[in-house]
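Asker: If you scroll down you'll find the structure; I have some questions about it.
Protein chains: 2
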Amino acid sequence: MRITSARNPKVKAWSELKTRRGRLEQDRFLVEGAREAARALAAGIRPCAWLVWPERAGAEEAARLAGAPVYELSEAAMRRVSYRENPPALIGVFERPARRLADLPPDPRRVLVAVEIEKPGNLGAMLRSADASGADAVLVVGDAVDPENPNVIRASTGAVFALPLAVVDHAAARAWLQERGLQLVAAAPAAGRVYWEADLSGPTAFAVGAEDRGLPPDWLEAADLAVRIPMEGTVDSLNASVSAALLLYEGLRQQRRA
Amino acid sequence: MRITSARNPKVKAWSELKTRRGRLEQDRFLVEGAREAARALAAGIRPCAWLVWPERAGAEEAARLAGAPVYELSEAAMRRVSYRENPPALIGVFERPARRLADLPPDPRRVLVAVEIEKPGNLGAMLRSADASGADAVLVVGDAVDPENPNVIRASTGAVFALPLAVVDHAAARAWLQERGLQLVAAAPAAGRVYWEADLSGPTAFAVGAEDRGLPPDWLEAADLAVRIPMEGTVDSLNASVSAALLLYEGLRQQRRA
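If you're matching them up, the sequences are chains B and W in order. Residues 1 to 258 (UniProt numbering) make up the first sequence, in order. Residues 1 to 258 (UniProt numbering) make up the second sequence, in order.
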């Protein structure tokens, strides 16, 4: 189907998926670019519609699309839907995954708990680190950016589609961790113990907060153990995705050895 | 001194410092923002001029500036010099450090070799990781962004000022590493050995390439050892600053224990 007007009601509805509110209301989200959309598809995320800009190089990808209706959009319509200054040849509209605790693997060995991460680039980079290190699950906790934010998707380089991921409030996250018998390790600059001195050889969850504020006090209190990443230079913090990677890879190292 | 015209020759010269070419020709660079400029000053980088936008909140910082003439710029002039859409109240013009091998510490224990890193955000983030891990020096090698690029400065959160840093070609870098008796460890996805299985307890240099291309073949050949960071998920690479942090912190762990 061809849509030329940027004021078409379908185009309006798709353009609203650029906002968090629109994603929550419609339970849909956008994936811009053929490579990114292929990753979402490969991870089993269900497509609802394919939006193609036929005049654009690469649009022939559209011929291979399946599982959802294909719409050919005019430049004006594509520009209204896209988040980017230069819209891609293809945008996929996908069903928003439920992101429930009940869908996470039952016996995780390493879990990342991302607490109140508001910056999309930071959450995306944390997901990339978690996926690379083989984390079994990620909990996105509290007042945080939603994982279907376009900049989370981009920074995660596709990890956001493949990783088992739950979006939960603080209490539900801590109850789930306790039920699963996971040791809760909190990253805290003031902790006495360096992370590689901790015993991480059993099932462990690593709680990491935002770079500027760190973890809220109730997470520090709830933790079985607080660990510190040594800061040996003049900068006073690491990027949250670097902190997450250091902890998760140390967990992987110790668990492989055990 | 007050400068109102954006066409003033001084303003023109400062605005040229936004380009690599301008920085090389004038041997100066810009630091935008009072906090960032304070970091450069604290690290002993020499100021040549302070550019202040008096109408802007925070401009009273100017009263505390020393060591260089203070210029009050009009909004139009400030906008011409600044790299940002919203120029800050203060821009410092500094002398470009020489960045020579001869100025590095004589007996380094951990060195990061950043090979052909072209993206400013990536190099800056690598410097932040290197500084946090207590690296003694960083070599910026080959066809790379210059460390005084504004986005390197921003992403490094000040590490670029504090870290001993040399900008060198491939041959000079390798000769220096050999002279210092540093074990050269190359990060390579295809290596058989996992990084934590390598003996990093002696003086070690870690060579890390760009995320998409990795290290050039001659660096892999020159290395004493190639190591791999396990990739356990679906993404096929880590951010270069994450790779650098994993290697440098494993070096720190082993060297503390030794």
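Where is the CB? At the ideal position from N, CA and C, for every residue including glycine.
1) Could you compute how far the alpha carbon of residue 259 (chain W) sits from the alpha carbon of V115 (chain W)?
2) Report the rounded CA-to-CA distance for G158 (chain W) versus A198 (chain W), giving the unit in angstroms.
3) So which of B:A191, B:A102 and B:P97 has the shortest CA-CA distance to C48 (chain B)?
4) Sorted by chain position, which residues of the same chain lie with C-beta nearer than 7 angstroms to P230 (chain W)'s C-beta, five sequence neighbours on each side aside?
5) Using a C-beta cutoff of 8 angstroms, does T4 (chain B) count as contacting chain W?
6) Check the Cβ of L252 (chain W) against every Cβ in chain B and list those closer than 8 angstroms, keeping chain order.
7) Output the distance between the C-alpha atoms of S82 (chain B) and A68 (chain B), rounded to the nearest integer angstrom.
8) Using beta carbons (cut-off 8 angstroms, strictly below), is R128 (chain B) in contact with chain W?
9) Taking Cβ-Cβ distances shorter than 8 angstroms, what residues in chain W pair up with G134 (chain B)?
10) Can you tell me the Cβ-Cβ gap for A132 (chain W) and E232 (chain B), rounded? I've got them flagged as a contact below 8 angstroms.
11) What does the alpha-carbon distance come out to for the pair K119 (chain W) and V111 (chain W)?
12) Say the cut is 7 angstroms; is the CB of R128 (chain W) nearer than that to a heavy atom of the ligand SAH?
13) State the CB to CB distance for the pair R124 (chain W) and V160 (chain W), rounded to an integer number of angstroms; the pair is presumed to be in contact (CB under 8 angstroms).
14) Where does V113 (chain B) fall in DSSP's three states?
15) Comparing C-alpha positions only, which one of B:V93, B:F94, B:E95 and B:E75 sits nearest to P87 (chain B)?
16) L247 (chain B): which of B:A89, B:T204 and B:L30 sits nearest, CA to CA?
17) Step through the CB atoms of chain W and report whether any lies within less than 8 angstroms of the CB of N239 (chain B).
18) Is the distance from the Cβ of L215 (chain W) to the Cβ of A244 (chain W) below 8 angstroms?
19) Going by DSSP, what residue range makes up the alpha helix (DSSP H) through A137 (chain W)?
20) Quick check: the Cα distance between G209 (chain W) and V208 (chain B), rounded to an integer number of angstroms?
21) Of the residues W:A42, W:N122, W:V140 and W:L73, which one's Cα is nearest the Cα of N8 (chain W)?
22) Classify Y36 (chain B) as buried or exposed, calling it buried when 16 or more other Cβ atoms lie within 10 Å of its own Cβ.
23) For the beta strand (DSSP E) that contains G92 (chain W), what are its first and last residues?
24) Can you tell me where the alpha helix (DSSP H) with A191 (chain W) in it begins and where it stops?
25) Under a three-way DSSP split, which group does R256 (chain B) fall into?
26) From L182 (chain W) to A258 (chain W), what does the alpha carbon distance come to, in whole angstroms?
27) Whose C-alpha, out of B:I153, B:R228, B:D146 and B:F29, is nearest the C-alpha of A191 (chain B)?
28) Please name the residue or residues paired with Y71 (chain B) in a DSSP beta bridge.
29) Considering just the uninterrupted stretch of the beta strand (DSSP E) at V31 (chain B), what are its terminal residues?
30) Cβ of V111 (chain B) less than 8 angstroms from any chain W Cβ?
31) Leaving out five residues before and five after Y71 (chain W) in sequence, what residues of the same chain have Cβ atoms less than 8 angstroms from its Cβ?
32) Can you tell me whether DSSP reads V235 (chain W) as helix, strand or coil?
33) Between L41 (chain B) and the rest of its own chain, which residues show a CB-CB distance below 7 angstroms, the 5 nearest in sequence each way excluded?
Answerer: On the basis of the supplied data:
1) Because chain W in this structure spans residues 1 to 258, residue 259 (chain W) falls outside the shown range and cannot be described.
2) 31 angstroms
3) B:P97
4) V194
5) no
6) P230 and E232
7) Their Cα atoms are separated by approximately 19 angstroms.
8) Taking Cβ atoms only, chain W reaches closer than 8 angstroms to R128 (chain B), which makes this a yes.
9) P230, E232 and G233
10) Rounded, the Cβ-Cβ distance is 7 angstroms, consistent with contact.
11) 20 angstroms
12) Among the components of this structure there are no ligands whatsoever, and the ligand SAH is therefore not found.
13) It is Gly, not Arg, that sits at residue 124 (chain W) in the sequence shown. With 8 angstroms as the limit, G124 (chain W) and V160 (chain W) qualify as a contact, their Cβ atoms being about 7 angstroms apart.
14) Here DSSP, grouped into helix, strand and coil, assigns V113 (chain B) to strand.
15) B:E75
16) B:T204
17) It does: the Cβ of N239 (chain B) has a partner Cβ on chain W nearer than 8 angstroms.
18) no
19) Per DSSP, A137 (chain W) belongs to no alpha helix (DSSP H); it is in the beta strand (DSSP E), A137 to V141.
20) 27 angstroms
21) W:L73
22) The sequence as given places Glu at residue 36 (chain B); Tyr does not occur at that position. The residue in question, E36 (chain B), is buried, as its Cβ has 16 or more Cβ neighbours within 10 Å.
23) L90 to E95
24) Segment: none, A191 (chain W) is in no alpha helix (DSSP H) and carries neither H nor E.
25) helix
26) 16 angstroms
27) B:R228
28) B:L51
29) R28 to E32
30) No, its Cβ sits nowhere closer than 8 angstroms to a Cβ of chain W.
31) M1, R2, I3, K10, A49, W50, L51 and V52
32) coil
33) P47
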